[in-house]
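Have a look at the structure below, then the notes.
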Amino acid sequence: LSRDCKVEVQRILHQRALDVKLDPELQKRCMTDLGKWCSEKTDTGQELECLQDHLEDLVSSCREVVGNLTELESEDIQIDALLIRACEPVIQAHCHDVADNQVDTGDLMECLVQNKHQKEMNDKCAVGVTHFQLIQMKDFRFSYKFKMACKEDVLRLCPNIKKKVDVVICLSTTVRNDTLQEVREQRVSLKCRKQLRVEELEMSEDIRLEPELYEPCKSDISRLCPNVAFGNAQMIECLKEQKKQLSQRCHQRIFKLQEVEMSDPELDYQLMRVCKQMIKRFCTEADARNVLQCLKQNKNSELMDPKCKQMITKRQITQNTDYRLNPVLRKACRADIPKFCQSILNKASEDSELEGQIIACLKLKYADQRLSPDCEDQIRVILQESALDYRLDPQLQMHCSDEISRLCAEEAAAQEQTGQVEECLKGNLLKIKLEACKKEVLNMLKESKADIFVDPVLHTACALDLKHHCAAITPGRGRQMSCLMEALQDKRIRLQPECKKRLQDRIDMWGYAAKVAPAEGFSDLAVQVMTSPSKNYILVMIALSVCVLFLVGLLCGRITKRVTRDMKDR
């Protein structure tokens, strides 16, 4: 249209958006629906909003004309004069560049959505923007930018799907499958993939924009999170924190959501919001899917923001509840898990956590030195992290919560977790009453025996001695631990007093562990011998025993089976 004609059309559209009586077509087709659903909505602009809210309930002729008007609004939100008036402060502060454009192609609404939580955003504007987002979910055509970027992909890959949320799921599933299968050419076009990411990020901000999650969790929301706001992903975070108390359907949906977020942390709205500055500081070069991994590696930096650090710990706790929530571990241990932990997999259900059972199984195999190199590296990282913070070990927390409250309350109450709770449990091993907890502590001792790096207290105490006496020893598989044990026995070597004391404590604990939890098989026995402080003595004695047995066999065989000369001559 010419510029003058366009201005005139916009003026008429603005008027009709304020009062449906000025739109003869709408008035004619929607008279019955207006009386049925919107008779009490008499304020300016309320009638159209009401019809949009009941879009799915309208008769087809009315639905068509309301849909067309909503589609126009998505292209030029300035048609909705009431919303523009309410959002004036935030438009002036953050969106004035796109608001001044002669032709709006959905940029202004996208800007308002992105700035929904700025201080200039008032309640009226926030409600209006959220309402528009909810209306958009009814039909992908109501999101102008999404429609223009993806309409060809939708027709080709997701025909007969109308609801925006279903279209997003369809397209994102296609992208995910193509990525996992490493296909040469993605089926979803590049421009659509870019806009799809925008839509996914917007949906992750408010649970109401994800009906498949919102519907099964409605009762849980009113029961567990009645006073929590929907925006800023606060409601989703509340449900995650109350996960053990959720209904089965809601729990399954939350588990699926976490699985997606862990494989693509950019979709974790709270993590990206709380750690926004830390991601800029530490992870600018990291791939989007490796952001959480990068944050974990920098978690203990002095420059790390405390709130971000707390959020990272939350995500680590979640990851350790189930190997499926840790994509890096899942990939590294894809051969080891079915090989060593099949019995646990057989009992598992698809949508509920295994409470760290698979990781606990892999930890034991790590102590036995039976894992593949890639899996061993990942389990070592998990052991190092959980050795500093007991909350990262679901099995320990589950079985030892009462004992921690009774024996180690002071250590558990500390803000900074530095392995003191684990050290307290080891020191009070004889006082632990619960057998399940005692077993977990014995497992910790077994793991630390296999690698000094998973025993932070001992590693800190012996750092200098490791540097001086075991620098040439390759870390892992208990080699450096054996080196320290040999140094402890060697009277010519003087270890640091703290290291000597800690080592002696560990030897006493291992001795007790061997008594109460003897080797269950030949592999356990071999590991106990190889990591024993008396390894050389035991091996020499075994070798001597074999030699003596061999000699006795030779001599006794000659005596008991003597052959007469006649037999020899024959």
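Each residue of the sequence shown is one higher than the one before, counting from 1 in full-length UniProt numbering. No residue lacks a Cβ here, since even glycine has one placed at the ideal position from N, Cα and C.
Following the DSSP letters along the chain, one finds Y366 inside the alpha helix (DSSP H) bounded by residues Q357 to A367. The stretch 261-281 makes contact with the stretch 302-315; the number of CB pairs closer than 8 Å reaches 3 or more. In this structure, K116 lies away from K138, with their beta-carbon atoms at least 9 Å apart. Taking every protein chain shown into account, the CB of A413 has fewer than 16 other CB atoms within 10 angstroms, so this residue is exposed. For the set L271, I236 and Q270, the Cα lying nearest the Cα of K256 is the one of I236.
One alpha carbon belongs to T418, the other to F550, and they sit about 53 Å apart.
Between the alpha carbons of D4 and I12 lies a gap of roughly 13 Å. Per DSSP, the unbroken alpha helix (DSSP H) holding P216 starts and ends at P211 to L224. Annotation: the stretch 254-320 contains no complete segment of the beta strand (DSSP E) (minimum length 3 residues). Put simply, the backbone Cα of L190 is about 42 Å away from that of D389. Taking 9 Å as the cut-off, the beta carbon of A335 is found closer than this to the beta carbon of C375.
Per the C-alpha coordinates, the member of Q92, L224 and C437 positioned closest to K244 is L224. Bounds of the alpha helix (DSSP H) holding R85 are A81 to A86.
Note that the stretch 337-354 does not touch the stretch 438-458; fewer than 3 beta-carbon pairs, one per stretch, sit closer than 8 Å.
Taken through DSSP and simplified to helix, strand or coil, Q186 comes out as coil. Within the stretch 62-142, the complete alpha helix (DSSP H) runs of at least 4 residues fall at 81-86, 88-94, 96-99, 107-114 and 123-136. Beta-carbon to beta-carbon, C62 and C30 are separated by about 4 Å, close enough to satisfy the 8 Å threshold. Between the stretch 138-154 and the stretch 66-75, the count of C-beta pairs closer than 8 Å reaches three or more; the two stretches touch.
Look at Q496 here: in three-state DSSP terms it is coil, with no helix or strand label.
A86 counts as buried, since at least 16 other C-beta atoms from the protein chains shown sit within 10 angstroms of its C-beta. Take the alpha-carbon of E210 and the one of V457: they are about 46 Å apart. DSSP places L51 inside the alpha helix (DSSP H), whose first and last residues are Q46 to D53.
Here C424 carries a helix assignment [DSSP, helix/strand/coil]. One Cα belongs to L371, the other to A360, and the distance between them is close to 13 Å. With respect to the 9 Å criterion, D57 and W37 are classified as neighbours on the basis of their beta carbons. T321 counts as buried, since at least 16 other C-beta atoms from the protein chains shown sit within 10 angstroms of its C-beta. Contact between the stretch 108-127 and the stretch 157-177 is absent: fewer than three C-beta pairs spanning the two stretches fall below 8 Å. D393 counts as buried, since no fewer than 16 other beta carbons sit within 10 angstroms of its beta carbon. Assignment of K41 by DSSP, reduced to helix, strand and coil, places it in the coil class. The DSSP-derived three-state label of E205 is coil. Scanning A233, Q195 and S39 for the CA closest to the CA of L213 turns up A233. For E411 and K433, the gap between their C-alpha atoms comes out near 19 Å.
Nearest to D402 by alpha-carbon distance, out of E416, Q357, E435 and R249, is E435. In this structure, DSSP gives S60 a helical state, which the three-state scheme calls helix.
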